[in-house]
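Asker:
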Amino acid sequence: AFLHWVERLDPLTLVVYSDGSLSSEGAASYGFTIHQNNVPIFDGSGRLGPAEVFDAEATGALEGLKAALNLQGSAAQTIFICLDNLAAATCLRGTPSDSSQDVFLEFQALAASHGATQVLWVPGHSSIPGNEQADKLAKAASSLLEPEGAQPTLAYLRRIAR
Numbered sequence: 008a009f010l011h012w013v014e015r016l017d018p019l020t021l022v023v024y025s026d027g028s029l030s031s032e033g034a035a036s037y038g039f040t041i042h043q044n045n046v047p048i049f050d051g052s053g054r055l056g057p058a059e060v061f062d063a064e065a066t067g068a069l070e071g072l073k074a075a076l077n078l079q080g081s082a083a084q085t086i087f088i089c090l091d092n093l094a095a096a097t098c099l100r101g102t103p104s105d106s107s108q109d110v111f112l113e114f115q116a117l118a119a120s121h122g123a124t125q126v127l128w129v130p131g132h133s134s135i136p137g138n139e140q141a142d143k144l145a146k147a148a149s150s151l152l153e154p155e156g157a158q159p160t161l162a163y164l165r166r167i168a169r
């Protein structure tokens, strides 16, 4: 159903697929890919400091939205942000979790300033090419170096305090 829906979108519509990952060694990372007319046109990924997968999911969506807004002509286009983490998608749409609040608030402010931005949950591991690509990018980014001076996220600190 999702793939049929995507094929019927206006060819100028930007669809951002994002994902977060936490490696077995505890490295949090994200990846995103931007598709237009079912063709990947831009992608990115990165590593976080000490963080949870939830933080990585939110950061992937935020970085994907920022990249989409930097594309020429994006101001007049609808942007869909698609991710397979329902909790993160719900927080991006509405009330942010207090443990990753800054990222969600920045995302919501950017989305509101653009206007035509919608967040969609997509089922993971269900052969949606953009989602699979974002997943691969996020996993690969876990081998990057941790950013210098990265502060642990609140979600991470809460977990280790338990």
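The opening residue of the sequence shown carries number 8 in the numbering used here; numbering runs sequentially from there.
C-beta atoms are modelled at their ideal positions from N, C-alpha and C, and glycine is treated no differently.
Bear in mind the structure is a predicted one, so any value in this text is a computation, not a measurement.
What's the gap between the Cα of L78 and the Cα of T20?
Answerer: 12 Å
Asker: If I follow the unbroken alpha helix (DSSP H) through G67, where does it start and stop?
Answerer: V60 to N77
Asker: Taking DSSP as the reference, what is the three-state secondary structure of I41?
Answerer: If DSSP states are grouped into helix, strand and coil, I41 belongs with the strands.
Asker: Quick check: what's the CA-CA separation for Q84 versus A162?
Answerer: The alpha-carbon atoms of Q84 and A162 are separated by roughly 34 Å.
Asker: Which residue marks the beginning of the alpha helix (DSSP H) containing P47, and which one marks its end?
Answerer: Segment V46 to R54 is the beta strand (DSSP E) holding P47; no alpha helix (DSSP H) there.
Asker: Are L144 and S52 close, meaning C-beta to C-beta below 8 Å?
Answerer: Closer than 8 Å, so yes.
Asker: Measure the Cβ-Cβ separation of L151 and S36 and say whether it is below 8 Å.
Answerer: A contact, by the Cβ cut-off of 8 Å.
Asker: Tell me which residue opens and which closes the beta strand (DSSP E) that S120 is part of.
Answerer: From DSSP, S120 is part of no beta strand (DSSP E) but of the alpha helix (DSSP H) over Q108 to H121.
Asker: Please confirm if D26 has its CB atom under 8 Å from at least one CB of chain D.
Answerer: In summary, chain D is missing from the structure at hand, where a single protein chain is found.
Asker: Tell me whether A35 sits in a helix, a strand or coil according to DSSP, three-state version.
Answerer: strand
Asker: Let me confirm a value: H11 is counted as buried when at least 16 other C-beta atoms fall within 10 Å, else exposed. Which label applies?
Answerer: exposed
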